[in-house]
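Residue 198 in full-length UniProt numbering sits at position 198 of the sequence shown; the count goes up by one each step and never skips.
Yeah, the Cβ is synthetic: ideal placement off N, Cα and C, and Gly gets one too.
In this text the structure is predicted, and so the values were computed from the model without any measurement.
Here is the structure we will look at.
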Amino acid sequence: MTAGKTKLPIAVAIPTKNEGLNIAEAVKSVLGHFEAVVVVDSHSTDDTVKIAEECGAEVVTYTWDGGHPRKKQWCLENVRTDLDWILLLDGDERLSPGLLAELRETFRDPSAPKPAAYDIPLGYWFSGKRLRHGYTIRKRSLTDRTRSFYPEVGDLDAPGIGEVEGHYQPVAASVGTLKNSIEHQDLDPVTAWFERHNRYSDWEAWLEQHPEVKEQVRQVKSRQGQLFHKAPFKPVVSFAYMYLYRRGFLDGRAGFDFALAMSFYRWQIALKSREKPVR
């Protein structure tokens with residue numbers, strides 16, 4: 001941290017499980033800039049905890065009991081509750097310098113009125129390259145915990161997700177938008193991406209077979225997610241949107257590979273959802 005700068009009045013919570021390859025970069029990107037940096041670990045079997053502690057983060061253990069609250073809501077309820085603002089950062093994410101500067105400007109006057117949450121662009125890396133065009137997701141990662149919460153969606157019995165909330169946003173009465181990005185730069189091999197999305201597709205397929213829960217999830221997704229939720233022919237639409245409409249082709253081979261991988265992910269969901277559930 002630059003000498004003389006005060007720390008941001010925000011607690012950074014980093015939920016982890018086996019993020020040994022990534023956790024050092026995540027912690028280093030925030031340490032010294034925020035009032036608290038806490039790694040919330042789910043009994044990792046690799047060296048995640050050791051590395052996080054060596055980097056200077058506080059580490060607490062999270063054990064899921066199969067119910068609510070799930071991990072992110074638990075962070076809102078338990079991690080440094082003396083600070084109203086909390087930034088949830090995945091173990092394979094890190095803050096860009098531009099975002100740090102923007103946060104300093106946003107919180108320059110702590111007493112100034114602010115929305116209950118901020119949506120932040122996600123800079124996505126795939127197969128070692130930063131995607132500049134085809135990926136346009138925003139994450140509601142920064143929230144005032146006194147004015148926001150993760151909904152209790154009825155998917156506790158769904159496969160593929162487990163202790164962490166699914167692909168939906170926390171609910172907030174008012175939402176602002178930041179311009180600079182959180183960088184999602186997973187250093188795990190691409191096989192880990194496919195393994196993870198295979199599990200995610202199990203959850204998405206389960207939602208297709210449980211329309212009442214699917215509607216609960218749709219209502220708490222981002223606006224873009226809500227629109228895509230209703231789109232027909234999702235594998236084709238996904239590829240066309242990312243590779244052509246959003247000009248993913250300008251990202252070269254990585255842009256093509258990512259658009260194709262996401263199309264395959266959508267195909268997996270459709271195929272699995274057509275299977276009859278095992279009774």
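Can you have a look at ARG274 and say buried or exposed, based on whether 16 or more other CB atoms are within 10 angstroms of its CB?
The residue you call residue 274 lines up with position 274 of the sequence shown. Looking at its Cβ environment, which holds fewer than 16 other Cβ atoms inside 10 Å, ARG274 is exposed.
Please report the distance separating the alpha-carbon of MET262 from that of PRO113.
Translated into the one-based positions of the sequence shown, residue 262 becomes position 262. Translated into the one-based positions of the sequence shown, residue 113 becomes position 113. Those two C-alpha atoms are separated by around 39 Å.
Inter-residue CB distance, GLN216 and GLY154 (contact presumed, cutoff 8 Å):
Residue 216 sits at position 216 when you count from the first residue of the sequence shown. Residue 154 sits at position 154 when you count from the first residue of the sequence shown. At roughly 6 Å, the Cβ-Cβ gap stays under 8 Å, so GLN216 and GLY154 are in contact.
Output the distance between the C-alpha atoms of SER201 and ASN78, rounded to the nearest integer angstrom.
Taking the sequence shown and counting its residues from 1, one reaches residue 201 at position 201. Taking the sequence shown and counting its residues from 1, one reaches residue 78 at position 78. Approximately 30 Å, taken between the alpha carbons.
Inter-residue Cα distance where the pair is GLU93 and PHE233
Translated into the one-based positions of the sequence shown, residue 93 becomes position 93. Translated into the one-based positions of the sequence shown, residue 233 becomes position 233. Whole-angstrom Cα-Cα distance: 31 Å.
Cβ-Cβ distance between TYR62 and LYS50 below 8 Å
On the sequence shown, residue 62 is found 62 positions in, with the first residue counted as 1. On the sequence shown, residue 50 is found 50 positions in, with the first residue counted as 1. Taking 8 Å as the Cβ cut-off, TYR62 and LYS50 do not qualify as a contacting pair.
On the three-pair Cβ rule with 8 Å, is the region 165-175 touching the region 127-135?
no
At least three beta-carbon pairs within less than 8 Å, the region 15-26 to the region 38-56:
yes
Excluding five sequence neighbours on each side, which residues of the same chain lie with their C-beta closer than 6 Å to the C-beta of VAL39?
Taking the sequence shown and counting its residues from 1, one reaches residue 39 at position 39. Excluding residues within five positions, the ones whose Cβ falls inside 6 Å are ILE14, THR16, ALA52, ALA57 and VAL59.
On the three-state DSSP scale, how would you describe ILE10?
As a position in the sequence shown, residue 10 is number 10, starting the count at 1. Looking at ILE10 - three-state DSSP - the assignment turns out to be strand.
Those residues which DSSP pairs with LEU88 across a bridge:
Residue numbering aside, residue 88 sits at position 88 when the sequence shown is read from its first letter. In the DSSP output, where bridge partners are listed per residue, LEU88 has ALA13.
For SER148, the residue or residues it bridges with in DSSP
Taking the first residue of the sequence shown as position 1, residue 148 is located at position 148. Per DSSP, ALA172.
Pop quiz: TYR124 and GLN73 are said to be a contact at Cβ under 8 Å. What is the actual Cβ separation, rounded to whole angstroms?
Working through the sequence shown from its first residue, we reach residue 124 at position 124. Working through the sequence shown from its first residue, we reach residue 73 at position 73. About 25 Å; that fails the 8 Å criterion.
Backbone secondary structure at GLU163 - three-state DSSP:
For the purposes of this step, residue 163 is taken as residue 163 along the sequence shown, with counting starting at 1. Reduced to three states, the DSSP call for GLU163 is coil.
Please name the residue in LYS7, ALA240 and LYS139 whose C-alpha comes closest to that of PRO110.
Taking the first residue of the sequence shown as position 1, residue 110 is located at position 110. The shortest C-alpha separation from PRO110 is found at LYS7.
Determine which residues share a DSSP beta bridge with GLU93 and list them.
As a first step, residue 93 must be located in the sequence shown, where it is residue number 93. DSSP lists HIS184 as partners of GLU93.
Please classify PRO121 as buried or exposed, where buried requires at least 16 neighbouring CB atoms within 10 angstroms.
Along the sequence shown, one-based indexing puts residue 121 at 121. Buried, since its Cβ has 16 or more Cβ neighbours within 10 Å.
For SER148, count the other beta carbons within 10 Å of its own beta carbon; 16 or more makes it buried, fewer makes it exposed. Which is it?
For the purposes of this step, residue 148 is taken as the residue at position 148 of the sequence shown. By the neighbour-count rule (16 or more Cβ atoms within 10 Å), SER148 is buried.
Start-to-end residues for the beta strand (DSSP E) that takes in GLY123
For this step, residue 123 is matched to residue 123 along the sequence shown. It spans 117-126 - the beta strand (DSSP E) in which GLY123 sits, taken as one unbroken run.
How close, in whole Å, do the beta carbons of ILE161 and TRP193 come, if the pair is a contact with beta carbons under 8 Å?
Residue mapping note: residue 161 aligns to position 161 of the sequence shown, counting from 1. Residue mapping note: residue 193 aligns to position 193 of the sequence shown, counting from 1. About 16 Å; that fails the 8 Å criterion.
Would you kindly check if the distance between the Cβ of TYR135 and the Cβ of LEU178 is under 8 Å?
Against the sequence shown, residue 178 aligns to sequence position 178. Against the sequence shown, residue 135 aligns to sequence position 135. Their beta carbons are not under 8 Å apart, which means LEU178 does not touch TYR135 by this criterion.
ARG104, DSSP secondary structure in three states
Taking the first residue of the sequence shown as position 1, residue 104 is located at position 104. Reduced to three states, the DSSP call for ARG104 is helix.
Which residue from GLU102, LYS221, ASP90 and VAL27 puts its Cα closest to that of HIS184?
The residue labelled residue 184 in the question sits at position 184 within the sequence shown. The shortest Cα separation from HIS184 among GLU102, LYS221, ASP90 and VAL27 belongs to ASP90.
Who are the Cβ neighbours of LEU250 in its own chain at under 8 Å, not counting the five residues just before and after it?
By one-based count along the sequence shown, residue 250 stands at place 250. Excluding positions up to five away in sequence, the list reads ARG132 and HIS133.
Ordered along the chain, which non-local residues of its own chain (more than five positions away) have a Cβ less than 6 Å from that of TRP64?
Working through the sequence shown from its first residue, we reach residue 64 at position 64. Closer than 6 Å at the Cβ level, and outside the excluded window around TRP64, lie GLU163.
Residue range of the beta strand (DSSP E) that GLU35 falls in?
The residue given as residue 35 occupies position 35 in the sequence shown. Counting along the chain, the beta strand (DSSP E) containing GLU35 begins and ends at 34-41.
Since LEU100 and ILE182 should fall inside the 8 Å C-beta cutoff, what is the C-beta to C-beta distance between them, to a whole number of angstroms?
Indexing the sequence shown from 1 puts residue 100 at position 100. Indexing the sequence shown from 1 puts residue 182 at position 182. 11 Å between Cβ atoms; not a contact.
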